[in-house]
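Worksheet: one structure, shown below.
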Amino acid sequence: MTVQSLIVFYELCAAVAVCNHAMNMAGQELYADKIIKKFHFRPRLEVLWIPGGDMGFSRNFITPQLSRSTIIYILLFLWPHMAHGGEMNTEHLDISSHCLLGKFIPSEQIEFIEVDAAYGNKAKMYLHKQAYGAFVAMAEEARNAGIVLTILSATRTFRHQKEIWETKWNEWPFEEEHEKRALTILQYTSMPGASRHHWGTDIDINSLENGYFEKGEGLKAYSWLKIRARDFGFGQPYTAKGIDRPFGHEEEKWHWSYLPLSRKMLNRYLKKISHRDLNGFEGSSTAAKIDVIGKYVRGINKECYQQEAD
Ligand SMILES: [Zn+2]
9 MTVQSLIVFY
19 ELCAAVAVCN
29 HAMNMAGQEL
39 YADKIIKKFH
49 FRPRLEVLWI
59 PGGDMGFSRN
69 FITPQLSRST
79 IIYILLFLWP
89 HMAHGGEMNT
99 EHLDISSHCL
109 LGKFIPSEQI
119 EFIEVDAAYG
129 NKAKMYLHKQ
139 AYGAFVAMAE
149 EARNAGIVLT
159 ILSATRTFRH
169 QKEIWETKWN
179 EWPFEEEHEK
189 RALTILQYTS
199 MPGASRHHWG
209 TDIDINSLEN
219 GYFEKGEGLK
229 AYSWLKIRAR
239 DFGFGQPYTA
249 KGIDRPFGHE
259 EEKWHWSYLP
269 LSRKMLNRYL
279 KKISHRDLNG
289 FEGSSTAAKI
299 DVIGKYVRGI
309 NKECYQQEAD
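The numbers in my numbering rise by one with no breaks, and the one at position 98 of the sequence shown is 106.
See below:
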């Protein structure tokens with residue numbers, strides 16, 4: 009990196025930091041997501057996503073005096089995002105599309121709630137309140153039957169899914185074969201922007217191995233879920249593949265979805281999201297060729313899909 013490019017990078021960071029300050033976000037670390045949310049931006053430009061995930065810029069980064077070039081960068085860098093309601097390149101997207109793609113911060117959404125330690129294996133997992141309430145009721149009923157249901161994964165953001173996807177993408181030993189690489193990953197992992205975990209309605213329970221659910225405690229839990237989960241609104245999107253479900257991810261006995269919400273999310277997704285919206289990660293160019301939306305987003309157990317007037 010040349011000195012000049014370092015200066016440019018610094019100026020961009022300073023511009024972001026100054027804007028952050030102007031929005032009275034005192035005491036908080038700056039993440040591009042927060043800026044986006046504050047202005048109701050649509051983060052269509054990856055440049056707004058600070059690389060490195062958790063890398064942020066503290067207020068100390070704010071320079072006391074603004075250089076003229078910094079002000080220019082503020083205007084050049086951020087103004088286009090504020091214009092036209094925050095939409096820059098993808099005028100067809102709106103806030104709900106944004107959420108469908110996982111481009112939001114669950115902890116900052118009023119309709120989301122953190123999963124209590126009693127029901128999850130780690131902190132900082134979030135679900136839509138309705139889905140969570142239904143899960144708690146189901147878990148308590150299961151407990152009465154001697155079955156423990158523990159959430160291993162709940163809402164995942166686009167950024168989180170991108171990390172998972174790109175880790176697998178970069179483990180692939182061959183340079184070429186992009187489509188084959190994507191299809192292999194898609195067996196058990198959704199593309200960023202195409203995961204039901206973005207919606208706050210879907211959870212992984214107890215184990216990420218089908219084998220766990222085929223004997224002992226796991227079989228007991230799965231047998232119970234197959235009968236009772238629907239009483240609480242939950243269904244299994246990724247059942248065994250066959251005539252009824254010829255396409256999509258492989259069977260996942262651990263993945264359950266709160267259908268009263270996720271059916272609506274799916275309908276909305278299919279109406280609003282196209283393969284053009286699946287971008288900003290390695291291998292995204294394969295999405296349309298593979299027909300990720302038609303085969304994977306829609307390739308679910310029929311019980312979990314219902315055409316609704318929306
Ligand atoms: Zn899952």
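Even for Gly, the Cβ is constructed at its ideal location relative to N, Cα and C.
Next on the checklist: Quick check on the DSSP output: the beta strand (DSSP E) that includes residue 122 runs from which residue to which?
Outcome noted: 120-122 is the extent of the beta strand (DSSP E) around residue 122.
Item to check | Distance cut-off 7 Å: residue 136 Cβ against heavy atoms of ligand 1 | outcome: No, since every heavy atom of ligand 1 falls outside the 7 Å radius drawn around the Cβ of residue 136.
Item to check | Cβ-based burial, residue 124 [other Cβ within 10 Å; buried from 16] | outcome: Taking a 10 Å sphere around the C-beta of residue 124, we find fewer than 16 other C-beta atoms and assign the residue as exposed.
Next on the checklist: At a cut-off of 7 Å, would you count residue 260 as near ligand 1, judging by its Cβ distance to the nearest heavy atom?
Outcome noted: It does: the Cβ of residue 260 is within 7 Å (strictly closer) of some heavy atom of ligand 1.
Next on the checklist: Going by DSSP, what residue range makes up the beta strand (DSSP E) through residue 134?
Outcome noted: Residues 134-136.
Item to check | Straight-line Cα distance separating residue 246 from residue 261 | outcome: Per the coordinates, the alpha-carbon of residue 261 lies some 7 Å from the alpha-carbon of residue 246.
Item to check | Sequence-distant residues of its chain with Cβ nearer than 8 Å to residue 2 (five each side left out) | outcome: As displayed, the chain neither begins before 9 nor continues past 318, which places residue 2 out of reach and without an answer.
Next on the checklist: Within 10 Å of its beta-carbon, does residue 167 have 16 or more other beta-carbons around it, so buried, or fewer, so exposed?
Outcome noted: Label assigned to residue 167: buried.
Item to check | Cβ-based neighbour list, residue 157, same chain, cut-off 6 Å, excluding 5 preceding and 5 following | outcome: So the qualifying residues of the chain are 147, 150 and 213.
Item to check | Per-residue DSSP class, three states only, for residue 257 | outcome: For residue 257, the three-state secondary structure derived from DSSP is coil.
Checklist entry - If you pair each beta-carbon of the region 294-305 with each one of the region 189-199, do three or more pairs fall below 8 Å? => result The region 294-305 is in contact with the region 189-199.
Checklist entry - Curious, which full-length alpha helix (DSSP H) runs of at least 4 residues does the region 147-203 contain? => result When DSSP assignments are scanned along the region 147-203, the uninterrupted stretches of alpha helix (DSSP H) that are 4 or more residues long and fall wholly within it turn out to be 166-179 and 186-193.
Checklist entry - Can you tell which of 251, 232 and 269 has its C-alpha closest to the C-alpha of residue 5? => result The first residue shown for the chain is 9 and the last is 318, placing residue 5 beyond what the model contains.
Next on the checklist: Just to confirm before moving on: does the CB-CB distance between residue 211 and residue 162 stay below 8 Å?
Outcome noted: Taking 8 Å as the cut-off, the beta carbon of residue 211 is found closer than this to the beta carbon of residue 162.
Next on the checklist: Considering only DSSP beta bridges, list what residue 264 is partnered with.
Outcome noted: Paired residue(s): 211.
Checklist entry - Between which two residues does the alpha helix (DSSP H) carrying residue 241 extend? => result From DSSP, residue 241 is part of no alpha helix (DSSP H); its letter is neither H nor E.
Next on the checklist: For a test of the three-state rule: what should DSSP assign to residue 291, helix, strand or coil?
Outcome noted: Here residue 291 sits in coil by DSSP.
Checklist entry - Once you ignore the five residues that flank residue 251 on each side, which residues in its own chain have a CB closer than 7 Å to its CB? => result So no residue of the chain qualifies.
Item to check | Run of the alpha helix (DSSP H) containing residue 107, from where it starts to where it stops | outcome: That run of the alpha helix (DSSP H) goes 103-108.
Checklist entry - Counting by C-beta, which residues lie closer than 5 Å to a heavy atom of ligand 3, in chain order? => result With respect to ligand 3, the structure shown offers nothing to examine, as its ligands consist of ligand 1.
Checklist entry - On the premise that residue 201 lies in contact with residue 134, defined as a C-beta separation below 8 Å, what is that separation, rounded to the nearest angstrom? => result In this structure residue 134 is not in contact with residue 201, their Cβ atoms being roughly 18 Å apart against a cut-off of 8 Å.
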